[in-house]
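Q: Pasting a structure below so you can have a look.
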Amino acid sequence: MWEGWSLSMTDDELLRRARRLLSESESPAAFTGAGMSKECGIRTFRGEEGFWREYRAEDLATPGALRKNPRLVWEWYRERLVRYGEVEPHEGYHALVEAERRLGSLPVITQNVDGLHHRAGSSEVVELHGTLRTVSCMEEPGRTYPLEPELLEELPPRCECGAVLRPDVVLFGEPLPVEAISRAIDLADSCDLMLVVGTSMVVFPAASIPYRTLSRGGHVLEINPEATPLSGEPGVLHVSGGAAETLPLLLEGW
Ligand SMILES: [Zn+2]
């Protein structure tokens, strides 16, 4: 009984401290991962019957696969796009937008390629692993198109020059986009609070971003259902919970 009582007090106190950290932050930034969009109910491929069981993401999302069998790779991406289109950003996304409104600024660094932060209305989204919102010509560097459904009526989609278009996501074996990584590093080095949401903190180099904030004496507020390697670090406040439920709670009372 005592244990339960003190535990719930601790949760309450944790939330109060988390709210204070966020509301008093002068230069916050957010860092989100797969856990964030998973809560939208995007169906996953794993364990499902059918065609895609024969492939792993690591075999399809590579530059080699795209060159060898662009139609197959694009069928896979088209399926993912359909799934993203089926869901709406959850309350956690809207809470980040509301926090941005109150604090004046809240850039979001994300490892997700689904465009959900854009759809929710965040003003600045740094997409570390690229995006499925646009595609680029494989032969003409820098020639980019918005990824509209019409483009995928015939696969693979092609540039006006006839070359195959590729999704602007980081494929396996490719480096992170230089501009995004350098903006993320700037933010990590200049923010006083990094709000980390829904990331397992195991995919490097992206996972090194919050550590930069910590090493400069900044704070990290981590919202994850389970503890991660980051949770125990000095300067980290870990609130255990999902993004959709917990982020709105951080906005109460200020
Ligand atoms: Zn072209």
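In the working numbering, the protein residues as written are 1458 to 1711. Just so you know, even glycine gets a beta-carbon here, dropped at the ideal spot from N, CA and C.
Is the separation between the beta-carbon of G1549 and that of A1700 shorter than 8 Å?
A: yes
Q: Grab me the residues of P1564's own chain with a C-beta within less than 6 Å of its C-beta, minus the 5 sequence neighbours each way, in chain order.
A: A1486, E1581, L1644
Q: Return the chain-ordered list of same chain residues with a C-beta closer than 8 Å to the C-beta of E1597, the five sequence neighbours on each side being excluded.
A: C1616, C1618, A1620
Q: Just how far apart, CA to CA, sit C1720 and V1654?
A: Residue numbering for the chain in the displayed model covers 1458 to 1711; residue 1720 lies beyond these limits and cannot be assessed.
Q: Can you tell me whether L1472 is helix, strand or coil according to DSSP?
A: helix
Q: At 4 residues or longer, what runs of the alpha helix (DSSP H) sit wholly inside the segment 1557-1583?
A: Within the segment 1557-1583, the complete alpha helix (DSSP H) runs of at least 4 residues are 1573-1577.
Q: Measuring only from the beta carbon, is E1611 closer than 7 Å to any heavy atom that is part of ligand 1?
A: No - ligand 1 has no heavy atom lying nearer than 7 Å to the Cβ of E1611.
Q: Report whether the distance from the Cβ of R1600 to the nearest heavy atom of ligand 1 is below 7 Å.
A: For R1600, the shortest separation between its Cβ and any heavy atom of ligand 1 lies below 7 Å.
Q: Measuring straight from C-alpha to C-alpha, what distance separates S1593 and G1710?
A: 45 Å
Q: Got a sec: does ligand 1 put a non-hydrogen atom nearer than 7 Å to the Cβ of C1712?
A: The requested residue 1712 does not occur in the structure, where the chain is confined to residues 1458 to 1711.
Q: Quick check on T1703: buried or exposed, where buried means 16 or more other Cβ atoms within 10 Å of its Cβ?
A: buried
Q: Confirm, please, whether the CB-CB distance from L1687 to P1667 is below 8 Å.
A: yes
Q: Should D1468 go down as buried or exposed, given a rule of 16 or more other Cβ atoms within 10 Å for buried?
A: exposed
Q: Just to confirm, are V1696 and A1475 a CB contact at a threshold of 8 Å?
A: Yes.
Q: Can the beta-carbon of R1623 be found closer than 8 Å to that of P1603?
A: No; because the gap between Cβ atoms is not below 8 Å, this pair is not in contact.
Q: For L1478, which residues from the same chain have a beta carbon less than 7 Å from its beta carbon, with the 5 sequence-adjacent residues on both sides left out?
A: L1650, H1676, L1678, L1694
Q: Need the endpoints of the alpha helix (DSSP H) that R1528 sits in, please.
A: 1527-1542
Q: For ligand 1, any of its heavy atoms closer than 7 Å to the Cβ of E1679?
A: no
Q: Thinking just about the alpha-carbon of each residue, which of I1638, S1672, R1640, L1612 is nearest to the one in R1535?
A: L1612
Q: How is I1499 classed by DSSP in three states: helix, strand or coil?
A: coil
Q: Can you name the start and end residues of the beta strand (DSSP E) that T1601 belongs to?
A: 1601-1603 is the extent of the beta strand (DSSP E) around T1601.
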